[in-house]
Amino acid sequence: MKRDFISVLDLDGELEDVIDFAIAMKARQKRGKCPEYLRGKFLGMIFEKPSLRTRVSFEIGMRQLGGTALYLSPSEIQVGRRESVHDVAKVMSRFVDGIMYRAFDCKVMRELARHAEVPVINGLDNLEHPCQILADLQTVKEHKGKLKGLKLAWIGDGNNVCNSLLLGTALAGMDMSVATPEGYGPNPGIVKEARKVAKNKGALITLTNDVREAAKGADVLATDTWVSMGDEAEKAKREAAFKGFQINARVLSWADRKAIVLHCLPAHRGQEITSQVMDGPHSVVFDEAENRLHAQKAIMARLMKG
Ligand code: CP
Ligand code: NVA
Numbered sequence: 008m009k010r011d012f013i014s015v016l017d018l019d020g021e022l023e024d025v026i027d028f029a030i031a032m033k034a035r036q037k038r039g040k041c042p043e044y045l046r047g048k049f050l051g052m053i054f055e056k057p058s059l060r061t062r063v064s065f066e067i068g069m070r071q072l073g074g075t076a077l078y079l080s081p082s083e084i085q086v087g088r089r090e091s092v093h094d095v096a097k098v099m100s101r102f103v104d105g106i107m108y109r110a111f112d113c114k115v116m117r118e119l120a121r122h123a124e125v126p127v128i129n130g131l132d133n134l135e136h137p138c139q140i141l142a143d144l145q146t147v148k149e150h151k152g153k154l155k156g157l158k159l160a161w162i163g164d165g166n167n168v169c170n171s172l173l174l175g176t177a178l179a180g181m182d183m184s185v186a187t188p189e190g191y192g193p194n195p196g197i198v199k200e201a202r203k204v205a206k207n208k209g210a211l212i213t214l215t216n217d218v219r220e221a222a223k224g225a226d227v228l229a230t231d232t233w234v235s236m237g238d239e240a241e242k243a244k245r246e247a248a249f250k251g252f253q254i255n256a257r258v259l260s261w262a263d264r265k266a267i268v269l270h271c272l273p274a275h276r277g278q279e280i281t282s283q284v285m286d287g288p289h290s291v292v293f294d295e296a297e298n299r300l301h302a303q304k305a306i307m308a309r310l311m312k313g
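Residues 8 to 313 (this note's numbering) make up the sequence shown, in order.
Here is the structure:
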């Protein structure tokens, strides 16, 4: 049976195995070459939104695994508009061995996965960004040597990246506190799921509007843009609402003195994060960006090897 990676929860029970596999493949790649687990295979990449990291890391990752990736831009397939989601899934499944999909609507993501006969990997939708979280947790593990028992503080918008981090940290047994302005908290359904998982692992999830409370003693600080792709119409309103929800030197001083700082990028320097922090000694944002490559190679090898 084919397996998809739509939500971080799809890796329940194997999240750390995949992260360890990514760390091992990264080391082999740096020494020379990683095994060509996907020799002769094809990945179709459907993008409804722009991308730097996701596009480049999947394409290079496929190449390093011995396969080929095909980039389909937002103007090409037009899933559900030029033809039905069902028909796109069936036709793509006749051509490629896996589909990476960056979508506006998580319901269309699920529908495509339901009809596709090959694995579908979520390259971001409005609800989750699971590949990002694999890379984030890989980065935390590389810098901290472990995941379980650490505290991650999210400062800013309760968006797709925050949702996936809630699930990922819960699966890893990490505490997570989320500080957002009123009305911008994470998805309530995801919070409920994450709390269920966290409870089993003895981990704690806290939602607050108080940045200091969230950041206090954190081992990891994380943030993302205040205006996600698709939210552009609310730009002015959001920029006003999020003032004060910034990772800066003051917020960093409330965290653990060895805290690391994550940002999935692209960053808006001076808004959700200052340049001082982003370019400072606590920041690991470019390791995090690089790890998209290694984490996605691990997930592709796992789902597409056959
Ligand atoms: N972090 C991330 O997904 O970046 P891109 O939008 O550039 O792919
Ligand atoms: N939350 C952002 C992440 C970009 C990688 C967005 O959805 O636009």
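Quick reminder that beta carbons are idealized off the backbone N, C-alpha and C, glycines included. It should be emphasised that the depicted structure is a prediction, and the values quoted were computed from it without experimental measurement.
Bridge partners - residue i, DSSP secondary structure assignment
i, result
"LYS161", "A quick correction: the sequence has Trp, not Lys, at residue 161. Note: TRP161 sits in a beta bridge opposite VAL185, ALA229."
"THR215", "ALA186"
"LEU269", "ALA229"
"ILE254", "ILE280"
"SER290", "VAL268"
"VAL90", "Looking at the sequence itself, residue 90 is Glu, so the reference to Val does not match. Paired residue(s): VAL86."
"PHE12", "ILE128"
Residue i classed as buried or exposed, judged by whether at least 16 other C-beta atoms fall within 10 angstroms
i, result
"LEU4", "Past the edges of the chain, shown from 8 to 313, lies residue 4, and the structure says nothing about it."
"GLY175", "buried"
"PHE12", "buried"
"ASN207", "exposed"
"GLN283", "exposed"
"PRO188", "buried"
"PHE252", "buried"
"GLN303", "buried"
"SER171", "buried"
"ARG109", "buried"
"LEU59", "exposed"
"GLY196", "exposed"
"LYS48", "buried"
"ALA247", "exposed"
"PRO288", "exposed"
"ALA225", "buried"
"GLU21", "exposed"
"GLN85", "exposed"
"GLU90", "exposed"
Spatially closest choice to residue i from the options, by CA coordinates
i, options, result
"PHE249", "LEU72, LYS312, ARG62, ASP164", "ASP164"
"ARG299", "GLU21, THR61, ILE53", "THR61"
"ALA123", "ARG70, MET99, GLY156, ARG109", "MET99"
"LEU173", "ALA240, VAL198, PRO81", "VAL198"
"ALA308", "CYS113, ARG101, MET32", "MET32"
"ALA243", "GLN278, GLU295, MET107", "GLN278"
"VAL103", "TYR78, ASP112, SER82", "TYR78"
"VAL291", "GLU66, GLY20, GLU241, LEU144", "LEU144"
"MET69", "PRO137, GLN85, ARG46", "ARG46"
"ALA120", "ALA296, ASP286, MET8", "MET8"
"ARG202", "ASP24, VAL125, LYS56, ASP182", "ASP182"
"VAL185", "ARG219, ALA76, ARG10", "ARG219"
"TRP261", "GLU239, ALA221, GLU295", "ALA221"
"VAL227", "ASP217, ILE254, ALA205", "ILE254"
"ASN216", "TYR191, ALA305, VAL204", "TYR191"
Residue range of the alpha helix (DSSP H) that includes residue i
i, result
"ALA248", "242-248"
"GLY196", "195-208"
"CYS169", "167-179"
"VAL315", "No answer is possible for residue 315: the residues shown for the chain start at 8 and end at 313."
"ALA262", "Run containing ALA262: none; DSSP gives neither H nor E here."
"GLU43", "Taken as a continuous stretch (DSSP letters only), GLU43 belongs to no alpha helix (DSSP H), as it is neither H nor E."
"GLY313", "From DSSP, GLY313 is part of no alpha helix (DSSP H); its letter is neither H nor E."
Terminal residues of the beta strand (DSSP E) in which residue i lies
i, result
"GLY51", "49-54"
"ALA142", "First-last for ALA142: 137-151, but that is the alpha helix (DSSP H), not the beta strand (DSSP E)."
"THR75", "75-79"
"ASN129", "127-129"
"ILE280", "Taken as a continuous stretch (DSSP letters only), ILE280 belongs to no beta strand (DSSP E), as it is neither H nor E."
"MET107", "105-109"
Residue i Cβ short of 7 Å to the ligand HEM heavy atom set
i, result
"VAL15", "No copy of the ligand HEM occurs in the structure displayed; its ligands are the ligand CP and the ligand NVA alone."
Cβ contact (3+ pairs, closer than 8 Å) linking the segment 252-266 and the segment 151-163: yes
The segment 271-278 / the segment 220-239 touching (three or more Cβ pairs under 8 Å): yes
Cβ contact check for the segment 143-156 and the segment 91-98: 3 or more pairs under 8 Å: no
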